[in-house]
Structures are given as C-alpha cells and as structure tokens.
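S.K.: Protein chains in written order, with my numbering: chain A, 56 to 594; chain B, 29 to 381.
Glycine included, every Cβ here is placed at the ideal spot set by N, Cα and C.
Mind having a look at this structure? Questions to follow.
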Amino acid sequence: MKVNFWYSGSLIVSIIVAIPILTVFSSFFENTSNYFEILKNTFLIEYIINSLFLLLGVLFFTFILGIGCAYLVSFYNFPGSNFFKWALILSFAVPPYIYAYSLTAFFENYGTAFTILKSVFGDGDYNKSIPKFDGMLGAILSVSFSLFGYVYILTRASFYYQSQNLIELGKNLGFSKFKSLTSIILPSARPAIVAGLSLVAMETLSDFGTVSFFGINTLTTAIYNSWIAFDDLAFANQLSFYLLIFILALFILENFSRKKAKYHSPAKGGFKHKEKINLIGTKSFLAFLACSLVLFFSFIFPLSQMLYWTIIFPKNFFDLNTQQLFMNTILLVSLSSLVLIIFSFISNYGNRVSRSKFLNILTIFSVSGYAIPGVILAVAFITFVAWFDNEVVNFFEFKSIKKFFIGSILGLVLVYFVRFYSLACNGLRSGYEKINRSIDESAYLIGYSKLKTFLNIHVPYLRNSVLLVAILVSLEVIRELPITLILRPFNFETFATTAYIFASQDLLEAAAVPSLFLILIASFFILLTSKYILRDDNE
Amino acid sequence: MSKNYLEIKNVNFKAGGKNKVKNVSFNIENKGDIICLLGPSGVGKTTILRTIAGLEKIQSGTIKLKDNILSSAKSHVEPEDRNISLSFQENSLFPHYTIEKNIYLGTERKNLKNKKKINPKKIIKLLNIGKILDKFPHQISAGEAQRASLARSLVTQPDLLLLDEPLSNVDQSFKEEIQVQLKKILKDLKITTIVVTHDSYEAFYLGNKCGLILDEKLKQFDDPYNVYHFPNSIEVVNFLNRGILIPAKVTGENSLENIDLGIIKGNFIKHYPKGSNVQLLLQPEDLEHDDKSNLKLEVIDRKFRGTNFIYTLKTKNELHVPVFVHSHHVHQHEVDEKFGIKRPIYIDHIVCF
C-alpha cells in the first residue's frame, strides 16, 4: 500500500474524529467519585425509565405525523398538496427546546392562551380550563413536532418511488385503499420508516435543551449534571458509554435499514410513476385540514408565539445585541462548514484513491460521531484535552494547551467537526457514489494528475453536493445547543445559547427574540435546501 | 534493444488481489498493429487492459512499451505518465462537461505538442456524433456515449490505444460501418491498438492477431485465420463454437474414418499414426449438401442467417453435425426430413485432438 498525501490526509481526519469516541470507551476503566453510588441507589433507574418513556412517546407521535403526512401528499391531490409537500419540512427550523418554550408560553397560567381568551370573552378564571403541556407530555410533544420531519422526508421519498405497478397490483387483487396501505404501501416503505424513526430516536436520546427546560431527568441530563454539579468527568463518560451503546445499536439498525432501502430502490427501467388520486368534497377538506394542522402546530404556532412576544415586548429586541449574535452564529457556521467540507473532501478522495479497507473501516467508525449526543462529545473532548495536557504536554514541559481548545472557537469548531462529520462526509460520499471510478481513470489516462482530477473533475461535479452539505451543516450548527453551551468562549453567545440562558432563568419573553431569529435563519436555510431534500428524480 | 513495440512477458494479471490471467506473454511487433483479445465474460480481458494502462499493478513479469519498462515487480509508471489511452466499456465521459468538451479534453494531453495533430472534427464525423456535441452525457444513448468515449481516446493520439468492447452498445446496423472506419483510421494514423471483445467476427476483422483468454490463460495468440481454422486446443474450439468434435480413427496419411460419416479425406495439420483414435474438428463449411448422396442424415434444426442456413443433422450415433448452406442453394429441408451429404467428404485442413 502506497502511503501518499491523500491516504495520510484521510487517515488523520478519521483518527481526529474517532478520538472523542475512543475517549468515551476508554473511560469505562477509570475510577469515579461517590456520585455514581449515590445515583445508582437513588435516581439512575428513574433516569433510564424517563429516557425510554420519552423515546417511546416521541416514536409514536412521529410515526403517526410523519407517515400520515407523507401518505397524504404522496398519493392524493387536494388543495395545497404541493405546498404542504415542502412546507411540512419547515418544522426542522424549530429546535425542540424552542418548541418547548412556545408550548409553555402559550398554555401556562396567564400565558398567551389566557390573554386570547380574556380579550375575546372578557375577564375570567381561564387558567383552570387551559390544559397544561409541561413535564413529560410537553417534552414528548415538543420533540415530536420538531423531529417528525425525518420520518416524513424519508417515507415520502420511499412512497414516491413505489411503482404504479405495485399500487395497481393491489387494485387487481381487490384490496381496499386501507388494505393497500397496510399490506403493500407501508411494508414496501418499511426500511425508510425505520431509518426515519432511528434518526428520531438518536436525536431524542441526545436531546438536552427540552428535557432540561421541563426538568425531566434523563441519561443526557445526568451526564451533564455529573460533570457540571459533581465535577466527575469519568462518571459522565461512563454514563455516556451506556447511552452510546444504546445509540450505536440504533445506529446499526438505521444503517442496516438504509442498505435495505437502497436494495429496494427502483431500477431505472420498468419504473412507472404513480398517478395521484384527486380527492373531492369532504375527503379533500379533511386531507387539507390534517396537513394544515400539522403545519400549524409544528411551525406556525411556535413562530407566531415567538413573533407575538417579540412584538409585545419590543424592549427585549432592542436590549439584545442581535447584530453580534448574528455575527457569532455566522462565524461558527462559516468556519464549521468550511472545515467540514475541506476535510470531508480529503477523507472521501483519500478513501477513493487508496481503496484501503482499513481506511474504509476507520471512516465508518469515525462517522458514528453523529450518533453521540453533543453533551457526551463535549465532555469527551474536555476529557481528552485534559489528559493530553497532563500526560503529554506536561511531560515535554510545554505550555498548557487547554486554553486553546477549551472555551475557544477552535475547540468549539473541532467538536462541531466531530459531531457533524458524518453529515458532511456522507453527503459528499453520496455525491461521489454517482461518479463511476472509470471517470477518474479516464482523467488519469488523458494525463491528469490526482490533484488535477480532484480539482477539475470532482470539485466542479460535486458543487451541488458541497452546497447541500454546507447548508445542512449550517442548519445543524445554528440549532446546536449543548456543545456550544459547554465549549463556547467566555461572553460568546449564539441565538441558541441566548435563548437557552433566558429560558433557564424563566425569562421566556426574552428568549423569544433569539428564538425567532433562530427560526427565521433556519427556515431560510431549509428553503434553500428544500429542492434537494424533496427531489423527485434520480439526479 | 528489443524489436517489439509492446512486450508483455510472464505477467500475472490480478484484479482485487485475485489472479485473473496467469503467466501471459505476447508481443506487438510493429507500430500500428491491432491486436484483439477474445474470451468469455469475466475471464480477465479487461484486467489485462487496465494493467497495461497502469490502473492495476503487477507482482511478476514485465510490460514494456517502445523498450521502456512500464510495469514490473519493482517499478510502476503512473497511468497519467504512460500516454496510453483506454476507452472503457461503460460510460466514462465526464458528466458535467458537454460531449464536445469531453472530446477536446483529450487534445490537452501534455505530450501532444510534438505530434502531428489529429483533427477532432474528422473523428467526430467518422463516428457520426456531430449532432450530440452540445449535449451532456446523461442526455445521449449508451451507443453514442461509447462512440464519444472512443473519439476522446483517439484524439489523445496515444502510443497505445486500448479499447474495451468498443462497439458493444452500438446498433448492429451501424456496427459494421464503424468497424470499417475504425480500422481505417487506426491504420492511417498508425495507432497501435489492443481491442477486447467477445465478438469473434469483430476480432477476426479488426485484428492483425488474436489472443484467446480461457481458463486463466492465454490459450492461443495467432493470426485470425489460424485461430479459426487451426485452433490449438479443445477449449478454443468450444469457445469459438464454430464446429464440433467427433470421434474418428486415423486410417492413412490423408484419411480417417468416422462410424457415421464414413471415410473423410484431407490434409492433416499434425501427424497422427495410423490407427490412432482422435477427436476430429468438423466445422459447418466442411460438409456439402447433396441430396443425390446415399449418406442421409436427419434434420433436427435449421437456422436462417440471411446469407446462409445452418442445418443441424443427427447421425445414427446421436452426433449433432452442423452444415453450412448458402441461402440461394436449393435445400429446403424441414425438420425430421432427410438431408444428403456429399461423398467423399474432403476437409482441406484436418484438425484433430
């Protein structure tokens, strides 16, 4: 095996990404403080039960919402069906923790719902009649409305590629629409549904902002607390290890399911597009109503709540240095996207050129960083830097490197890099998979060097993939909370951290302004990517 | 200094770490010669081309071009430094460039400066792809993509051109015309070429020499006429599928006898002692139709091939013998009827195993 620039580059990238993951695993053998004993005898079981309960609740709701909407827009024509097709993905713009703020703000005592009722019906004791969505139910609803988009997008894509022949086969066998749905349509889309639900599951278990806002103790908050409150990094890592095993199992399931999905994708020949059924009358209205309600609750409701508060409390808007927050957010977005794209390119091309099995396995391992909750990654990163500083830097009597990595932009971008490497790497890889190897070889044979092939053939061809990756990374960075919260430099805030800090101080009205900006910027990025996310062809 | 233009000596061709073709040696003596490699799918023909192009490495033997070592166990010249062009069987056009840009990229090659330039327009006209120049690869048919890829390879004016099933996706009606034009241009420009194909007629037409790859070996490397008429092994006979082997006994210097067909006369290409039991190669053109003959065989199949018919006849001992008859010859025999074979049977060159 020839060791060259591309191979070495790819190897280094994969090793850097793998370090936090390995740190979590290695922590299993370290000593912990008494916190572990205390927790084991008191709340650990509750944390685990809470995590599972949240997971099951979210999976149930996202299954119903995601599949229901995907089914309606894929198989039927009704007023606004084309609009709903893309509008429903706007729910991604609202992170679960901001949804939680909106939910609380609307239904709390003397909240927005109370104000509306009062303005319509006059004074009254409405607080008793307004339902309360807090605690576990609030968390389940917040996470579900924010994440059902994963199930919706993947299931809709799968429904889209279901051939008309399959549907006609059902009719030919005399199946009713419901029977066709349960016997043909859903089983055919099973890999996509499982893939969507796996992503939802991973995100739910990683969630920190929502559960901490509602005061629900889950494994993720336990990790955060063991580090923040008890200063026990080793135990935080050990808890992470258990959660990681659980998440990796889901990740493997998701990966397995994706492979199957690929297997089931239609061949170019013989694929016949479905003709949508035109709904009329009550059915058409009900379909419209269902999609409208989902759009309303997932996007318009939180957006309106934040907008409402921003308008009625303008002081919060003027007090907030939005320009600085915007600049900080854009700085993180630009740096992260740039770093991720450059290194993902090196990694992908290194893998392609070297064809090394070892490198390929290492890359697969390193992309599992996406499955690790941000809290765990941040803690693992601090653990590793501390270890490296104590063991290696001290040994050579160099100056401490902690300040360069902890509480710095560099450290923050580095952990974003690990967290979102899978997104960037897989995004470029799927672009690369469309370039036949013989294209590279043709370039070599007309005299192109590897670098020239990379620059003149791959980069221009993959420009759409690069754009998509950049936007998706930006979207994730804008919404990201725990990593930013733990690793950001002193006095460096983003819209997400500002919203969280206000909300954690019970200043929900003040949290509305940064939340509104976050939703608007994220919506802008979603609209930019919608044509790629919802593409209906094989391009 | 070796007199060969290309010299391949004791090379094991590998793909994906596995041996595909072992211990291969052959030469191309003169610049401008065309060599065709024939063999069934998956036998390793493409691997040979890829290795010569430098896309695969070798662990033993040597590959020399114009007396320079390109590949050996110790050295490997990178593909971009070889001036060898490979036209792939699958679409290998750059997807983000138009067909015209794809073809003209071939003219950018560094070492073209000192060469007499080929006019790309001439190649484009020859391959009849003028109408698709402003299209992108995904907008054209597989056959057009193959011709565009061939055009790009030709304009690079390589020292060695490697063509992997170059016309496999081209329509039959257009194929023969392109074969003629391709051969002409390769000869005119004196471009030394190795063509991989599974079509024996294409190989026999294009090649100065043909190599047959079977069972991980180069079984025969010879003139097309010799490959067809003097196959050197039963495997080659079976691959070409243009005749059958029937049991016979050598009865003299110029004769042998088969129990169903009787005495067969002709010229042995190899000496066999009288009384030897052999397998005789009987090709469709070796037998002649003659209904007046007393040697009658039962028709079990009749294939119309335009210019000719191929009858399959059954002997008493269940041998299935092919017979070639011109289309216009009077021979309208149906299945199950009797078909006369002219006697005495005379075969110009008798091939036995």
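1. From which residue to which residue does the alpha helix (DSSP H) around A/Phe400 run?
2. Can you tell which of B/Val49, B/Pro68, B/Leu315 has its C-alpha closest to the C-alpha of B/Ile76?
3. For the pair the stretch 241-249 of chain A and the stretch 195-210 of chain A, tell me if three or more CB-CB distances fall below 8 Å.
4. Between A/Asn491 and chain B, is any beta-carbon pair separated by less than 8 Å?
5. Go ahead and label A/Ala284 buried or exposed: buried means 16 or more other beta carbons lie within 10 angstroms of its beta carbon, across all protein chains shown.
6. Apart from the five residues on each side of it in sequence, which residues of its chain come closer than 8 Å, Cβ to Cβ, to B/Glu285?
7. With a CB to CB cut of under 7 Å and the five nearest residues on each side skipped, what residues in its chain are close to A/Asn164?
8. Determine which residues of the stretch 62-93 of chain B have a Cβ less than 9 Å from any Cβ of chain A, and write them out in chain order.
9. For A/Asp561, count the other beta carbons within 10 Å of its own beta carbon; 16 or more makes it buried, fewer makes it exposed. Which is it?
10. Since B/Phe41 meets chain A, which of its residues come closer than 9 Å, beta carbon to beta carbon?
11. Using a Cβ-Cβ distance under 8 Å, would A/Tyr499 count as near chain B?
12. Note down the Cα distance separating A/Pro151 from A/Phe203, rounded to an integer number of angstroms.
13. So, does the CB of B/Ser53 fall closer than 8 Å to a CB anywhere in chain A?
14. Taking the alpha-carbon positions, what's the A/Ser295 to A/Phe80 distance?
15. Can you look up A/Ser455 in the DSSP assignment and give me helix, strand or coil?
16. Can you name, in chain order, every residue of its own chain whose Cβ lies under 8 Å from the Cβ of B/Phe164, other than the five neighbours on each side?
17. Here's the rule I'm using: 16 or more other beta-carbon atoms within 10 Å means buried, otherwise exposed. How should A/Trp442 be labelled?
18. I want to see whether chain A comes within less than 8 Å of B/Glu193, judged by CB atoms only; does it?
19. Between the stretch 156-187 of chain B and chain A, which residues of the former have a C-beta closer than 9 Å to a C-beta of the latter?
20. Using three-state DSSP, classify B/Phe28 as helix, strand or coil.
21. Going by DSSP, name the residue or residues bridged to B/Glu106.
22. Please classify A/Asn383: is it buried, with 16 or more other beta-carbons within 10 angstroms of its beta-carbon, or exposed?
23. Residues of the stretch 461-492 of chain A in Cβ contact with chain B at a cutoff of 7 Å, in chain order, please.
24. Can you tell which of A/Phe400, A/Arg492, A/Gln293 has its C-alpha closest to the C-alpha of A/Asn481?
25. Any beta-carbon of chain A closer than 8 Å to the one on B/Ser100?
26. Answer yes or no: does any C-beta atom of chain B fall closer than 8 Å to that of A/Phe326?
27. Decide if B/Asn269 is buried, meaning its Cβ has at least 16 other Cβ atoms within 10 Å, or exposed.
28. Please report the distance separating the alpha-carbon of B/Lys344 from that of B/Leu315.
29. In this structure, how does DSSP classify A/Ala277 when only helix, strand and coil are distinguished?
30. Distance check for A/Tyr516 and A/Ser493, CA to CA, integer angstroms please.
31. For the stretch 524-539 of chain A, list every residue whose C-beta sits within 7 Å of some C-beta in chain B, in sequence order.
32. With distance defined between alpha-carbon atoms, name the residue in B/Lys211, B/Leu308, B/Leu325, B/Asp216 nearest to B/Asn236.
33. What is the DSSP secondary structure of B/Gln87, counted as helix, strand or coil?
34. What residues from chain B crowd round A/Glu496, counting only those whose CB sits closer than 9 Å?
35. Grouping DSSP H, G and I as helix and E and B as strand, with all else coil, what is B/Glu35?
36. Take the Cβ of B/Lys200 as the centre, count every other Cβ of all protein chains shown within 10 Å, and call the residue buried at 16 or more, exposed below.
M.R.: So, to answer that:
1. 377-409
2. B/Val49
3. yes
4. yes
5. Burial call: exposed.
6. Ala276, Lys277, Thr279, Ile291, Ile292
7. Asn182
8. Arg78, Ala81, Gly82, Leu83
9. Label assigned to A/Asp561: exposed.
10. The contacting residues do not exist; B/Phe41 stays about 16 Å from chain A at best.
11. A/Tyr499 counts as touching chain B.
12. 11 Å
13. no
14. Spanning the alpha carbons of A/Ser295 and A/Phe80 requires a straight line of approximately 9 Å.
15. coil
16. Pro123, His124, Tyr125, Thr126, Ile127
17. exposed
18. Proximity of B/Glu193 to chain A, defined by a Cβ-Cβ separation below 8 Å, is not satisfied.
19. His166, Ser177, Arg180, Ser181, Thr184, Pro186
20. Absent from the model: residue 28 of chain B. The displayed extent of chain B is 29 to 381, so no value can be given.
21. Partner(s): none; B/Glu106 has no beta bridge.
22. In the assembly as shown, A/Asn383 is a buried residue. Its beta-carbon has 16 or more other beta-carbons within 10 Å.
23. Asn491
24. A/Phe400
25. By this cut-off, B/Ser100 is not an interface position.
26. Note that A/Phe326 scores a pLDDT of 48, beneath 50, so its modelled location is shaky; the value from the coordinates is reported in the next line. Judged by the 8 Å Cβ criterion, A/Phe326 is not in contact with chain B.
27. exposed
28. 17 Å
29. helix
30. 15 Å
31. none
32. Sorting B/Lys211, B/Leu308, B/Leu325, B/Asp216 by C-alpha distance to the C-alpha of B/Asn236 places B/Lys211 at the top.
33. coil
34. Arg78, Ala81, Leu83, Pro107, Leu114, Phe116, Ser120
35. strand
36. Residue identity differs from the one stated: residue 200 of chain B is Gln in this sequence, not Lys. Exposed, since its Cβ has fewer than 16 Cβ neighbours within 10 Å.
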